[in-house]
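Participant: Numbering (UniProt numbering), first residue to last: 1 to 201.
Got a structure here, written out as structure tokens. Questions coming.
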Amino acid sequence: MSKVLYIKANAKPEGTSRTFKISDAFIKAYNENHQGDEIITLDLYKENIQFLTEKDINTVFGPKSDDSRNHPILKYAYQFMEADKIVIAAPLWNLGVPAILKAYIDYISVSGITFKYTAEGPVGLCQGKKAIHIVARGGAYTEGQAAGYEMGDRYLRILFGFFGIVDFTTIAAEKLDVVGEDVEGIVNIAIQKALKEALEF
Ligand SMILES: Cc1cc2nc3c(=O)[nH]c(=O)nc-3n(C[C@H](O)[C@H](O)[C@H](O)COP(=O)(O)O)c2cc1C
Numbered sequence: 001m002s003k004v005l006y007i008k009a010n011a012k013p014e015g016t017s018r019t020f021k022i023s024d025a026f027i028k029a030y031n032e033n034h035q036g037d038e039i040i041t042l043d044l045y046k047e048n049i050q051f052l053t054e055k056d057i058n059t060v061f062g063p064k065s066d067d068s069r070n071h072p073i074l075k076y077a078y079q080f081m082e083a084d085k086i087v088i089a090a091p092l093w094n095l096g097v098p099a100i101l102k103a104y105i106d107y108i109s110v111s112g113i114t115f116k117y118t119a120e121g122p123v124g125l126c127q128g129k130k131a132i133h134i135v136a137r138g139g140a141y142t143e144g145q146a147a148g149y150e151m152g153d154r155y156l157r158i159l160f161g162f163f164g165i166v167d168f169t170t171i172a173a174e175k176l177d178v179v180g181e182d183v184e185g186i187v188n189i190a191i192q193k194a195l196k197e198a199l200e201f
């Protein structure tokens with residue numbers, strides 16, 4: 001039995017967000033094919049996620065105790081650690097991830113929980129987990145010069161690698177804001193990929 005953490009990062013709701021159309025289809029198919037697994041949905045816009053204050057920084061990098069699990073910030077890092085599989089649904093915003101997702105990452109990047117410092121440098125503590133990022137983009141970033149401009153998926157992939165998560169898949173629906181494109185067709189192709197991926201994930 002696996003624990004899946006489904007992280008949703010979009011101000012737009014279900015039914016409007018193309019990202020969520022794909023990710024919700026993924027979760028539905030996953031659920032049908034992995035009966036008994038637990039899926040925890042974390043809608044970041046419904047959580048009380050703030051920017052780190054000076055006090056928070058001391059908490060994130062300071063010593064941890066038995067009470068840390070109940071701390072309003074550290075609880076997210078423990079929750080992340082307890083998941084076997086991570087699903088992130090986040091559109092491309094201004095060439096990166098939505099700010100709320102970055103703020104969440106500041107909550108879960110906690111020394112002594114998701115990574116640790118050693119004499120040889122930092123080491124990820126999340127080995128063995130797998131992750132998938134489902135993303136909708138207005139333009140196209142998979143080829144050529146534009147690929148270098150995309151810093152959302154690339155950021156997540158590198159950061160998760162830092163945590164020790166190397167099994168990282170991306171499903172991207174692109175050109176959704178390009179006039180003349182078959183937007184519904186593009187989203188449907190991404191949904192088909194998501195349904196297939198959900199069987200193996
Ligand atoms: C705040 C904001 C910033 C965006 N920045 C980009 C961008 O840098 N590059 C891009 O290709 N599309 C950008 N878009 C377009 C979205 O990526 C695109 O509309 C996508 O489908 C949004 O996903 P959603 O339908 O799940 O909301 C932006 C949209 C918003 C709302």
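Note that CB positions come from ideal geometry on N, CA and C, so glycine has one too.
Flag this pair as yes or no: are the beta carbons of S109 and Y117 separated by less than 8 Å?
Facilitator: Going by C-beta atoms, S109 is not nearer than 8 Å to Y117.
Participant: Span of the alpha helix (DSSP H) holding I108?
Facilitator: Taken as a continuous stretch (DSSP letters only), the alpha helix (DSSP H) holding I108 covers 99–108.
Participant: Would you list, in sequence order, the uninterrupted beta strand (DSSP E) runs of no fewer than 3 residues that lie entirely inside the segment 50–89?
Facilitator: Those beta strand (DSSP E) runs which fall completely within the segment 50–89 and span 3+ residues are 85–89.
Participant: Give the single residue among K85, G139, P122, D153 whose Cα lies nearest to the Cα of I27.
Facilitator: Nearest option by C-alpha distance: K85.
Participant: Would you call the CB atoms of I39 and N31 closer than 8 Å?
Facilitator: Their beta carbons are under 8 Å apart, which means I39 touches N31 by this criterion.
Participant: I need the boundaries of the alpha helix (DSSP H) containing E181, first residue and last residue.
Facilitator: Per DSSP, E181 belongs to no alpha helix (DSSP H) and is neither H nor E.
Participant: When you measure from the CB of T41 to every non-hydrogen atom of ligand 1, does any distance come out below 7 Å?
Facilitator: False, no ligand heavy atom lies under 7 Å from that Cβ.
Participant: Heavy atom of ligand 1 less than 7 Å from the Cβ of L95, yes or no?
Facilitator: L95: yes, Cβ under 7 Å from ligand 1.
Participant: Buried or exposed, going by whether 16 or more other CB atoms sit within 10 Å of the CB of N58?
Facilitator: Label assigned to N58: exposed.
Participant: Would you list the residues sitting across from T118 in a DSSP beta bridge?
Facilitator: Answer is G121, bridged to T118.
Participant: With burial defined as no fewer than 16 other Cβ atoms inside 10 Å of the residue's Cβ, what is the status of F61: buried or exposed?
Facilitator: It is exposed - the Cβ of F61 has fewer than 16 other Cβ atoms within 10 Å.
Participant: Note down the Cα distance separating I100 from N48, rounded to an integer number of angstroms.
Facilitator: Taking the straight line from one Cα to the other gives about 10 Å.
Participant: Cβ of A90 within 8 Å of Cβ of T19?
Facilitator: Contact: yes.
Participant: Just to confirm, does A136 get its C-beta within under 7 Å of one of the non-hydrogen atoms of ligand 1?
Facilitator: Yes, the beta carbon of A136 sits closer than 7 Å to at least one heavy atom of ligand 1.
Participant: S23: buried (16+ other C-beta within 10 angstroms of its C-beta) or exposed?
Facilitator: Classification of S23: buried, given that the 10 Å Cβ count is 16 or more.
Participant: Could you check which residue in Y104, L95, L159, T53 has the C-alpha nearest to that of T142?
Facilitator: Minimum Cα distance to T142 is reached at L95.
Participant: Between L195 and the rest of its own chain, which residues show a CB-CB distance below 8 Å, the 5 nearest in sequence each way excluded?
Facilitator: So the list reads A25, F26, A29, once near-sequence residues are dropped.
Participant: Between the alpha carbons of K102 and W93, how many angstroms are there, rounded?
Facilitator: One C-alpha to the other measures close to 11 Å.
Participant: Once DSSP output is grouped into helix, strand and coil, what is the label at G96?
Facilitator: In the structure shown, G96 sits in a strand (DSSP, three-state: E or B).
Participant: Taking the alpha-carbon positions, what's the Y107 to G138 distance?
Facilitator: Cα to Cα, the separation comes out at about 28 Å.
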